[in-house]
Amino acid sequence: MSTVLRRLRDIVRSDDDLVDDELRTGAKDLGCTALDEAPDREVVTVAGTIRSVTLRPRVTVPALVAELYDGTCPVDLVWLGRREIGGIRPGTYVRAHGRLCQGTRNRTIYNPSYDIVPPPS
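Residue numbers for the sequence shown follow the numbering used here, beginning at 4 and rising by one.
This is the structure in structure tokens:
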């Protein structure tokens, strides 16, 4: 693609497209798997921005759910037995590691290990 066409394409792209590209590039730079390419039931390392955090109150075991978005698709990070985790809040950039499975709403990683990392620049 010529340089002129590339620049023209960049001018007409939406802010959401630019943010998605930045998130995909940041995850790739950290050596993470893109969620749209991640195989089901495999151990993966993913990175992205936390978009929402909810507490699922259960009668027996609470579950903290954080939706992580890597620029391709969302994944739910679910910590069973937790009501809150310091640093896990919307807008935080996180690298998570665990077994990916198909949940009822989104793909899900239960009780992932995680690192809070600086966002891509």
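Idealized CB from N, CA, C, for every residue including glycine.
These numbers come from a predicted model, not from an experiment.
Item to check | Proximal residues to Arg86 (C-beta, below 8 Å), its chain only, five neighbours per side dropped | outcome: Stepping through the sequence shown from its first residue, residue 86 is reached at position 83. Cβ neighbours of Arg86 beyond the five flanking positions: Leu58, Pro65, Leu67.
Checklist entry - Leaving out the 5 sequence neighbours to the left and right, which residues in its chain are closer than 6 Å to Tyr117 when beta-carbon positions are compared? => result Here residue 117 refers to the residue found at position 114 when the sequence shown is read from its first residue. Answer for Tyr117: Val97, Ala99, listed in chain order.
Checklist entry - If you run the structure through DSSP and keep just helix, strand and coil, what is Val62? => result As a first step, residue 62 must be located in the sequence shown, where it is residue number 59. Coil, per DSSP.
Checklist entry - Do Val56 and Ala41 have their C-beta atoms within less than 8 Å of each other? => result Translated into the one-based positions of the sequence shown, residue 56 becomes position 53. Translated into the one-based positions of the sequence shown, residue 41 becomes position 38. Cβ atoms of Val56 and Ala41: not closer than 8 Å.
Checklist entry - Looking only at C-alpha atoms, which of Pro121, Pro77, Pro115 sits nearest to Thr107? => result For the purposes of this step, residue 107 is taken as the residue at position 104 of the sequence shown. The residue with the shortest Cα to Cα distance from Thr107 is Pro77.
Checklist entry - Does the Cβ of Gly90 have 16 or more other Cβ atoms within 10 Å, making it buried, or fewer, making it exposed? => result As a position in the sequence shown, residue 90 is number 87, starting the count at 1. Exposed, since its Cβ has fewer than 16 Cβ neighbours within 10 Å.
Next on the checklist: Between which residues of its own chain and Glu45 is the CB-CB distance below 8 Å, once the five residues before and five after are set aside?
Outcome noted: For the purposes of this step, residue 45 is taken as the residue at position 42 of the sequence shown. Cβ neighbours of Glu45 beyond the five flanking positions: Arg102, Leu103.
Checklist entry - How far does the beta strand (DSSP E) with Asp118 in it reach, from first residue to last? => result On the sequence shown, residue 118 is found 115 positions in, with the first residue counted as 1. Looking at the DSSP string, the run of the beta strand (DSSP E) that includes Asp118 is 116-119.
Checklist entry - So what does Leu80 bridge to, in DSSP terms? => result What you label residue 80 is simply residue 77 of the sequence shown in a count that begins at 1. BP columns for Leu80 point to Ala69, Ile112.
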